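Notes follow the structure.
So, in structure tokens, the structure goes:
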């Protein structure tokens, strides 16, 4: 989050000089050194110093993140539950390690739905005149972990139309009906249920588990 904020600040400052950098950290990394080297782009000395300082901070954050990711990869490689979770489409290193740390003993949850509910990934309902109305997700549980799972779900939704398996077809149809945000939460909910199944059965992900 801090690195993203730093990149957005750099992007916003450059917009004042009419320089537009596309979204994404990669574009910042490529563009800033070139901009700082250009002598005729009308940037003041003070602005160059500010830009250079912000860029150096972002590079430092990059290095710290890489170091932490290497440590997480080492920890995850030695943890069977973490490896099981990594086999789920849409669950990455951060999600897997955070889930292992947050869940503890999977036996504390009776089923996948209970785990999804604990994470706040089930719809809240309100009854009016006997008719239930969905109010969005309940937002209980670990906010950080829920956010990671939804981000992972969003990534899966984005590429679902490039695949033709049953799970991808379900996601594509849901996306066309309800939109990407609801679809991302639905995938996160599904992944939480699958995670419970994998951890309970001590198994790896298989395509048929998309039905869980």
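Numbering (my numbering), first residue to last: 384 to 595. Even for Gly, the Cβ is constructed at its ideal location relative to N, Cα and C. In this text, all values refer to a predicted model and were calculated from it rather than measured experimentally.
Check                                                                                           : Outcome
Residues near residue 548 by beta carbon distance below 7 Å, same chain, minus five either side : 590
For residue 599, the first and last residue of its enclosing alpha helix (DSSP H)               : Since the first and last residues shown for the chain are 384 and 595, residue 599 lies out of range.
Assigned exposure category for residue 473 - 16 Cβ within 10 Å defines buried                   : buried
Closest residue to residue 550 among 533, 569 and 534 (Cα-Cα distance)                          : 569
Cα-Cα separation, residue 388 to residue 490                                                    : 39 Å
CB of residue 567 within 7 Å of CB of residue 555, strictly                                     : no
Residue 480 burial status per 10 Å Cβ neighbour count (16 or more: buried)                      : buried
Nearest-angstrom beta carbon gap, residue 588 and residue 471 [assumed within contact, 8 Å]     : 5 Å
Alpha-carbon spacing of residue 508 relative to residue 447, whole angstroms                    : Summary for residue 508: the model assigns pLDDT 41, below 50, so the residue's position carries little reliability; its value from the coordinates is reported in the next sentence. C-alpha separation (whole angstroms): 42 Å.
Continuous alpha helix (DSSP H) stretch holding residue 585: start and end                      : Element bounds for residue 585: n/a, residue is neither H nor E.
C-beta atoms of residue 476 and residue 458 nearer than 7 Å                                     : no
For residue 494, the first and last residue of its enclosing alpha helix (DSSP H)               : No alpha helix (DSSP H) contains residue 494, which DSSP labels as neither H nor E.
Spatial distance of residue 424 from residue 434 (CA atoms)                                     : 13 Å
C-alpha gap between residue 411 and residue 502, whole angstroms                                : 34 Å
With 16 other Cβ atoms within 10 Å as the buried cut-off, status of residue 438                 : buried
Environment of residue 429 [buried if 16+ CB atoms lie within 10 Å]                             : exposed
Local conformation of residue 396 per DSSP, three classes                                       : helix
Test item: CB-CB of residue 451 and residue 485 under 7 Å                                       : no
Distance, residue 464 Cα to residue 582 Cα                                                      : 6 Å
Residue 464 - DSSP class collapsed to helix/strand/coil                                         : helix
Nearest candidate by alpha-carbon position, reference residue 413, set 399, 442 and 487         : 442
For residue 395 and residue 409, the rounded distance between their alpha carbons               : 16 Å
Option in 440, 421, 416 and 427 with minimal Cα separation from residue 392                     : 440
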